[in-house]
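Participant: So the first sequence is residues 43 to 601, counted in this note's numbering. All residues carry an ideal CB built from backbone N, CA and C; glycine is no exception. Every value quoted in this text rests on a predicted model; they were computed, and no experiment measured them.
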Amino acid sequence: MSAVTDPQPVVTRFAPSPTGALHIGGARTALFAWAYARKHRDIPGSKFILRFEDTDQKRSSKASARGIVRDMKWLGLDWDEGPSLDEDADPYTDQIGDAGPYTQSQRAEQGIYDQYIDLLLEAGEAYEDAGAVRLKMGEHRGDIAFDDAVFGHIEVKAADLEDFVIRKSEDGGRLPTFHFAVVIDDALMGVTHVIRGQEHLSNTTKHAALYDALAKLTDDPMAWARPVWVHTPSIMNPGGSKMSKRDKAKAARSAMKNSLNEASDWVSAAVDQISESFSTRGDGIDSFELGSFLEAKQDTAWIAQVIADHLGLRLPEIDVDDFKNSGYLPEVCLNYIALLGWNPGDDIERFDLAFLTEKFLLDRIGKANSTFDRDKLRSFNGDTIRAMPADDFTCLLADYVKAYRPDWHNAGIFNGGDWGAFCSAVQERTETLPMPLDANAYLIAEDDAIDYDFSPKPIRKAMTNSNGAGVKLLEELRAAFDGLPEANFGHAAHEKINELAETSGTNMGKYAQPVRIAVSGSTVTPPLDVTLDLLGKLAVLKRIGRCLAAANKHMEANA
RNA sequence: GGCCCCUUCGUCUAGUCUGGUCUAGGACACCAGGUUUUCAUCCUGGUAACACGGGUUCAAAUCCCGUAGGGGUCACCA
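This is how it looks when you write it as structure tokens:
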């Protein structure tokens, strides 16, 4: 007779500290923990918990907690216990699940941690030191070994283990440290698999010691059995540094310094410049804060953004919200980060949450750090956009415009009947949402705001080379277009170009390129008929006229 | 610096546990050609890696030892 063991439930959690936005690396940790719990959802008791580790009173904020809830939901990750899934709810007062509360500050208030501190103190496992409480390590406890699902067996000698603080002194509000709170909470919440970043690998000996000590001292040792530890490797920048929030600050700082030619007094020059541009907007900015940011004494995210806006610079995407801002799709972000350090074991690279839920196994997580490759992310994003039904793309881009692009939101093309035509013209050449907007800015520009620069080689070739052959064709076209009807102008103009090209025996590109240049200032636009339709006859003729004038002037000057 | 960990194309990785079928596969990027009125898409082809040095073995990307490089940690931050 063999005993049939029931499959054990899998309880995982994501436990960020609400000290800022959700980092893309944190999102991957959350994704792995979510996927592993969901893979075992058929086993009763399996669940995924979201908990806030806010034992650092100074840096934690409710606004950050809200932002993390919002970003998790944007990605499509849900949880069974923790703050309410309602983004507008208060993550501290409105929570779901019965093992709560789900923030450590609240749990500390309820005395949850103190009772175990007392237990350890009484048993001589811990002692007071300058107002704080430390757990005895070293010879008292001996060597510590544990098994990690990714990194395998790890052993540390007693001599290398130092006593560590488990409760802060008065200065820290007598709150438990992260090391203590994480162990108590994971045990009390029944967490079976602790999935987290590898920066905690070295800390795990501390946690193992705590589990073991508590198992000895309580009457329910099973509740204090060590969980399965799963440490995930880090996500790095192409340069080799760890991908971190500070990267945005560094990028803003060095761009500012560069724009001032690295002059010795660049900091004060920058402060003057930015303060001025702010005061004209009526916002005002603290020049002392700004200065300390520029001197690298702090890395405040919003100051980095202020500088980026001032410079017209796009900061590197680091937080989930940055990727949303830059026009990446949530399902693509999830797909891409899942592939950073994990793979299904075959050549399948494109998958969704359902696939991940079915396939996610711990032993397929790699040990080596991986570099974040925005090119590949962008490529995935473009593939996904191309594969979407046209109507979905139209809505998606419209939502993006409403949220982030007032310039397009107020433009006629967005509000009139042409939005669908624009979207279908750009969908297959879109990698990120802002890309078609920026590439086709001439569509929402005033007719006389188009700049003509005849120096780039492709423009010279199409217009001014061979004694202005292109310019002559454009003049011919202006006359031909003049007689065309306004309705369906683009289509008619396209026909006319075909006709002229055929009768004169030339390549239609010879006609098309000068028109492109005239209406957009560049040689690249969506198909010409659509582009001209979007612009309309009046605008096209006006732009051709301006372009012709500019071209003739340019050729005279260079004759 | 002490301790812990990692190392396959430029990048993400398959293959390593259970040595041979790996003249190392896929993806992104890159290059070339084709399709295309531009750009892009799409199609075809190509360049490109087992960090290094020893050992074990008939046989090593795969096992062992060492070296180098990289990461983490050593906070009353998490």
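Taking C-alpha atoms, which residue in A601, K584, Q469 and R416 lies nearest to M430?
Facilitator: Nearest of A601, K584, Q469 and R416 to M430, Cα basis: Q469.
Participant: If A85 sits next to V52, beta carbons under 8 Å apart, how far is it from one beta carbon to the other, in whole angstroms?
Facilitator: Note on residue identity: the sequence assigns Ile, not Ala, to residue 85. So it is a contact: roughly 7 Å between Cβ atoms.
Participant: For the segment 446 to 534, which segments carrying the alpha helix (DSSP H) assignment without a break, of at least 4 residues, lie completely within its bounds, in sequence order?
Facilitator: 448 to 451, 454 to 457, 461 to 468, 476 to 481 and 507 to 524, all fully within the segment 446 to 534.
Participant: Pull up the distance between the alpha-carbon of T260 and that of V225, whole angstroms please.
Facilitator: If you take the alpha carbons of T260 and V225, they lie about 14 Å apart.
Participant: Would a C-beta distance cut-off of 8 Å place N594 and V513 closer than the cut-off?
Facilitator: Result yes, Cβ atoms of N594 and V513 sit closer than 8 Å.
Participant: Would you mind stating whether D361 and L119 have Cβ atoms separated by less than 8 Å?
Facilitator: No, these two residues do not count as a Cβ contact at 8 Å.
Participant: Given a threshold of 16 other Cβ atoms within 10 Å of its Cβ, counted over all protein chains shown, does A79 qualify as buried or as exposed?
Facilitator: Buried, since its Cβ has 16 or more Cβ neighbours within 10 Å.
Participant: DSSP beta-bridge partners for L92?
Facilitator: Paired residues: F56.
Participant: If you draw a straight line from the alpha carbon of D205 to that of A168, how long is it in whole angstroms?
Facilitator: Going from the Cα of D205 to the Cα of A168 covers about 9 Å.
Participant: When you compare only the Cα positions, how much space is there between R585 and D415?
Facilitator: Approximately 40 Å, taken between the alpha carbons.
Participant: From W450, D388, A350 and L395, pick the residue whose C-alpha is nearest to that of I379; which is it?
Facilitator: Minimum Cα distance to I379 is reached at L395.
Participant: Can you tell me which of the three DSSP states W121 falls into?
Facilitator: Coil, per DSSP.
Participant: Let me know the secondary structure DSSP gives E359 once reduced to three states.
Facilitator: Here E359 sits in coil by DSSP.
Participant: Indicate, with yes or no, if the ligand COA has a heavy atom lying under 7 Å from the CB of T506.
Facilitator: You won't find the ligand COA in this model; it holds no ligand whatsoever.
Participant: Please tell me whether L583 and D524 are closer than 8 Å, where the distance is taken between their beta carbons.
Facilitator: In contact: L583 and D524 (Cβ atoms closer than 8 Å).
Participant: Please list the terminal residues of the continuous alpha helix (DSSP H) segment that includes Y78.
Facilitator: Y78 -> alpha helix (DSSP H) spans I66 to K81.
Participant: Can you list, in chain order, the residues of its chain with a C-beta nearer than 7 Å to that of L117? Leave out the 5 residues immediately preceding and following it.
Facilitator: Once the five neighbours on either side are set aside, the close Cβ partners of L117 are A69, V362, P372, C375 and L376.
Participant: Suppose you measure from the CA of W450 to the CA of S562; what does that come to, to the nearest Å?
Facilitator: Roughly 16 Å separates the two Cα atoms.
Participant: Expressed to the nearest angstrom, what Euclidean distance is found between the alpha-carbon atoms of S421 and Q240?
Facilitator: Cα-Cα distance, rounded: 28 Å.
Participant: I need the boundaries of the beta strand (DSSP E) containing Q186, first residue and last residue.
Facilitator: Looking at the sequence provided, one finds Ile at residue 186 rather than Gln. That run of the beta strand (DSSP E) goes I186 to D190.
Participant: Can you tell which of C465, Y442, T426 and T413 has its C-alpha closest to the C-alpha of D433?
Facilitator: Nearest C-alpha to D433: C465.
Participant: Which value, in whole angstroms, describes the spacing of the CA atoms of A592 and L336?
Facilitator: About 43 Å.
Participant: What residue from A57, A150, A77 and R83 has the CA that sits closest to P125's CA?
Facilitator: For the residues A57, A150, A77 and R83, the minimum Cα distance to P125 belongs to A57.
Participant: Which residue's Cα is closest to the Cα of Q157: L92, L217, D480 and A201?
Facilitator: Residue L217 is the option with its Cα nearest to Q157.
Participant: Can you tell me which residues form a DSSP beta bridge with V236?
Facilitator: Paired residues: W271.
Participant: Since I believe R55 is in contact with A39 (beta carbons under 8 Å), could you give me their beta-carbon distance rounded to a whole number of angstroms?
Facilitator: This structure cannot settle anything about residue 39, because the visible part of the chain is limited to 43 through 601.
Participant: Between A312 and the rest of its own chain, which residues show a CB-CB distance below 7 Å, the 5 nearest in sequence each way excluded?
Facilitator: Once the five neighbours on either side are set aside, the close Cβ partners of A312 are M298, L302 and L336.
Participant: Looking at V175: is its Cβ nearer than 8 Å to the Cβ of V207?
Facilitator: Yes. Within cutoff.
Participant: Taking DSSP as the reference, what is the three-state secondary structure of G333?
Facilitator: It is helical.
Participant: Give the DSSP-derived three-state secondary structure of P263 in the structure shown.
Facilitator: Here P263 sits in helix by DSSP.
Participant: Taking only three categories from DSSP, how would you classify M43?
Facilitator: In this prediction, M43 has a pLDDT of 42, which is less than 50 and means its spatial position is unreliable; what the coordinates show is noted afterwards. Residue state, collapsed to three classes: coil.
Participant: Taking the beta carbon of G166 as the centre, do at least 16 other beta carbons fall within 10 Å, making it buried, or is it exposed?
Facilitator: Label assigned to G166: exposed.
Participant: Only counting runs of 3 or more residues, tell me where the beta strand (DSSP E) segments fall wholly within the segment 189 to 223, in order along the chain.
Facilitator: For the segment 189 to 223, whole beta strand (DSSP E) runs of length 3 or above, ordered along the chain, are 194 to 198 and 206 to 209.
Participant: Just to confirm before moving on: does the CB-CB distance between L519 and V557 stay below 8 Å?
Facilitator: Cβ distance < 8 Å, so L519 and V557 count as in contact.
Participant: Can you check DSSP and say which residues form a bridge with W384?
Facilitator: W384 pairs with I407.
Participant: Could you tell me the alpha carbon to alpha carbon distance between L580 and G369, rounded to whole angstroms?
Facilitator: Spanning the two alpha carbons is a distance of roughly 33 Å.
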